[in-house]
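K.L.:
What follows is the structure, given as C-alpha cells:
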C-alpha cells in the first residue's frame, strides 16, 4: 500500500512481524487501529486534517490485512489486542487509541490492560460482545474475497454515498485479504469477546463517533450496546456518513477528535472530571475502597472515598484561583503541577495520583509551597474541617 503521508521508515516490534509507522513529533501519541478488511492508509485524510500539536500519529496494519495480508492465524480479538498493545508499550508515552469498526473493541481491550491510556476514540464501533448476525449476513464478505469489484460494491453499500473518490483504493486493499482471513476476522467481530458482557474495565474518557447512516454499527447499537459500558462516554453522531465516517466526513471527524484531544490532554483535565462527579458512588468508582490522601498541610492521612471526596469538596472553595499547568504520566502515576492564589498570595504545588493494577486511584499526594502558604492552608483547613 502507498500512503500520501511521509511516515519514514517502517518500524517493527522486536522479535515479531508487527509493523507500524509514525509521523509528527510530540510528547504524546495517537495510535490508529483500522477496521475490517482495511489498512493503515485509510487514516490519511483524517490525520492530515488533525490540528492538535505536540502529538505523534502512529498507524499499523492488523494481521491478515493491509501489508500483513500474508500473516497466518489465529485472527482473533485477543491476538489483535496483544499486537496493538505491544506497539503502544513500545511507544512509551501517554497515548490515545483510535479504533474503527473491529478496531474499536480491539483498542478497548488494549486500554483495559493499560490504565495509563489517556482516552479512546471509537468510530462506528462494533460492540465488544459482538454483533451476532446470522451466517447469511456474513456470506457477502466471503463471496467477495479476492474480487476488487465485489469489494467495491460492498464498501459503497456501507457508506452514505457521499464520497466515491478513494473507494477503488479501499477495494484493492480489501481484495488482498485471503478468503480464510475474510471469514476468520468476520467471526471475530461477529462473535465478540466475553469481556463485552460486563461494564468496560477501561474507566477513562471515551469519544463515540457513529455515522447516522450506518446499518452495521447503527446509532441504536452504539447508544444501547456500546456507550452504557463506559464510565465517561462522549457522543457525536456524524451526519451523512455510513460505516466509514473517518473516510466519508473526515473533516468533521478530525474536528471532533481535536476537541476531544484538547479536553483530555489539558493538564489536570481527567482529575478535574473525577472531582466533579456529582455523587459519592460515581467518585468512588475511580478509587480503591481504601484510597489514601497524604498532604503536606496535615499530619494524618485522609482515608476512604467518602472522606477524600469531602476533603476536596471543602478545599476547592479555599483557593482564590487554581490552575493545572503541567502533567506527566508513567504506567502507575500521574504528576500534576498547579499554580494559583490563596488568601491573596501566590501558592503552587504538585498533586500525585498513584494507581493499582486495575487503574483505580489508590493514593493521592498533595504538596503545597512556599512554606508560609503551607502553614496558612493548614490553619484554614483545620478551621473548616472543625465546622459541623
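Residue numbers (the working numbering): 15 to 402.
Built from N, CA and C at the ideal position, the CB exists for glycine as well.
#1: Helix, strand or coil for residue 97 per DSSP?
#2: Sort out for me which residues DSSP pairs residue 73 with in a bridge.
#3: DSSP state of residue 123, grouped into three classes?
#4: What residue from 334, 289, 238, 332 has the CA that sits closest to residue 320's CA?
#5: Name the DSSP bridge partner or partners of residue 338?
#6: Residue 202 and residue 137: beta carbons closer than 8 Å?
#7: Run the CB neighbour count on residue 228, radius 10 Å, all protein chains shown included, and call it buried at 16 or more, exposed below.
#8: Thinking just about the alpha-carbon of each residue, which of 103, 276, 204 is nearest to the one in residue 149?
#9: Over the uninterrupted alpha helix (DSSP H) stretch that includes residue 360, give me the two end residues.
#10: On a CA-only basis, which of 217, 360, 252, 262 is nearest residue 242? Give me that one, please.
#11: Comparing C-alpha positions only, which one of 62, 168, 127, 141 sits nearest to residue 154?
#12: Give the straight-line distance between the Cα atoms of residue 165 and residue 259, rounded to the nearest whole angstrom.
#13: Taking the continuous alpha helix (DSSP H) assigned at residue 58, which residues delimit it?
#14: Please classify residue 219 as buried or exposed, where buried requires at least 16 other C-beta atoms within 10 Å of its C-beta.
#15: Quick check on residue 374: does DSSP put it in helix, strand or coil?
#16: Quick one, which of 27, 281, 196 has its alpha-carbon nearest residue 161's?
#17: If distances are taken between C-alpha atoms only, which option among 24, 22, 378, 83 comes closest to residue 194?
#18: So which of 355, 325, 326, 343 has the shortest CA-CA distance to residue 337?
#19: Count Cβ pairs between the region 308-325 and the region 391-400 that sit closer than 8 Å; are there 3 or more?
#20: Grouping DSSP H, G and I as helix and E and B as strand, with all else coil, what is residue 304?
#21: Specify the secondary structure class of residue 109 as computed by DSSP and reduced to three states.
#22: Have a look at 221, 102, 282, 29 and flag the residue whose alpha-carbon is nearest the alpha-carbon of residue 363.
#23: Spatial neighbours of residue 51 within its chain, please: CB distance less than 6 Å, with the 5 preceding and 5 following residues excluded, ordered by chain position.
#24: Taking 6 Å as the limit between beta carbons, can you name the residues of its chain near residue 342, skipping five residues before and five after?
#25: At 4 residues or longer, and completely inside the region 143-180: list those alpha helix (DSSP H) runs for me, N to C.
#26: Can you name, in chain order, every residue of its own chain whose Cβ lies under 7 Å from the Cβ of residue 307, other than the five neighbours on each side?
#27: Among 246, 41, 206, 32, which one has its Cα closest to the Cα of residue 286?
#28: From this set, 121, 88, 96, 35, which residue's C-alpha is nearest residue 49's C-alpha?
#29: Identify the continuous alpha helix (DSSP H) that holds residue 386 and give its terminal residues.
#30: Nearest to residue 102 by CA position, among 42, 157, 61, is which residue?
#31: Leaving out five residues before and five after residue 372 in sequence, what residues of the same chain have Cβ atoms less than 8 Å from its Cβ?
#32: Short of 7 Å in beta carbon distance, which residues of its chain neighbour residue 400, apart from the five on each side in sequence? Order them along the chain.
#33: Buried or exposed for residue 31, going by 16 or more other Cβ atoms inside 10 Å?
P.N.:
This is what the structure holds:
#1: Position 83 of the chain shown, counted from the start, is the residue given in the question as residue 97. The answer is helix: DSSP assigns residue 97 an H, G or I state.
#2: Locating residue 73 in the chain shown gives position 59, where the first residue counts as 1. 35, 46, per the DSSP bridge assignment.
#3: Here residue 123 corresponds to residue number 109 of the chain shown, with the count starting at 1. In the structure shown, residue 123 sits in a helix (DSSP, three-state: H, G or I).
#4: By one-based count along the chain shown, residue 320 stands at place 306. The candidate whose alpha carbon is nearest that of residue 320 is 289.
#5: For this step, residue 338 is matched to residue 324 along the chain shown. Residue 338 pairs with 352.
#6: Here residue 202 refers to the residue found at position 188 when the chain shown is read from its first residue. Here residue 137 refers to the residue found at position 123 when the chain shown is read from its first residue. Not closer than 8 Å, so no.
#7: The residue you call residue 228 lines up with position 214 of the chain shown. Its Cβ being crowded by 16 or more others within 10 Å, residue 228 is buried.
#8: The residue given as residue 149 occupies position 135 in the chain shown. Comparing Cα-Cα distances from residue 149 to each of 103, 276, 204, the minimum goes to 204.
#9: Here residue 360 refers to the residue found at position 346 when the chain shown is read from its first residue. Looking at the DSSP string, residue 360 is not in any alpha helix (DSSP H); the run it does join, the beta strand (DSSP E), is 359-369.
#10: Within the chain shown, numbered from 1, the residue matching residue 242 stands at position 228. Checking every option, the nearest Cα to that of residue 242 belongs to 217.
#11: As a working mapping, residue 154 is identified with position 140 in the chain shown. Selected option, being the one with the closest Cα: 168.
#12: To locate residue 165, count along the chain shown from 1; it is residue 151. To locate residue 259, count along the chain shown from 1; it is residue 245. If I take the Cα positions, the gap works out to 18 Å.
#13: As a working mapping, residue 58 is identified with position 44 in the chain shown. Here the alpha helix (DSSP H) through residue 58 covers 58-63.
#14: Position 205 of the chain shown holds residue 219. Classification for residue 219: buried.
#15: Against the chain shown, residue 374 aligns to sequence position 360. It is coil, neither helix nor strand.
#16: Walking along the chain shown from the start, residue 161 turns up at place 147. Selected option, being the one with the closest Cα: 196.
#17: Here residue 194 refers to the residue found at position 180 when the chain shown is read from its first residue. Comparing Cα-Cα distances from residue 194 to each of 24, 22, 378, 83, the minimum goes to 83.
#18: Your numbering for residue 337 matches position 323 in the chain shown. It is 355.
#19: yes
#20: One-based indexing of the chain shown puts residue 304 at position 290. Residue state, collapsed to three classes: strand.
#21: By one-based count along the chain shown, residue 109 stands at place 95. Strand, per DSSP.
#22: The sequence position of residue 363 within the chain shown is 349, counting from 1. Looking at the Cα atoms, 282 is the closest of the given residues.
#23: The residue labelled residue 51 in the question sits at position 37 within the chain shown. Answer for residue 51: 188, 191, listed in chain order.
#24: Here residue 342 is taken as the residue at index 328 of the chain shown, counted from 1. Cβ neighbours of residue 342 beyond the five flanking positions: 349.
#25: 149-158, 162-172
#26: Sequence index remark: in the chain shown, residue 307 carries index 293 (1-based). For residue 307, where only same-chain residues beyond five positions count, the Cβ hits under 7 Å are 315, 316, 322, 325, 378, 380.
#27: If you number the chain shown from 1, residue 286 lands on position 272. Selected option, being the one with the closest Cα: 246.
#28: Counted from its first residue, the chain shown places residue 49 at position 35. Ranking 121, 88, 96, 35 by Cα distance to residue 49 puts 121 first.
#29: The sequence position of residue 386 within the chain shown is 372, counting from 1. Unbroken alpha helix (DSSP H) run through residue 386: 385-399.
#30: Within the chain shown, residue 102 is the residue found at index 88, counting from 1. Checking every option, the nearest Cα to that of residue 102 belongs to 42.
#31: If you number the chain shown from 1, residue 372 lands on position 358. Here the set comprises 129, 215.
#32: For this step, residue 400 is matched to residue 386 along the chain shown. So the list is empty, once near-sequence residues are dropped.
#33: For this step, residue 31 is matched to residue 17 along the chain shown. Label assigned to residue 31: exposed.
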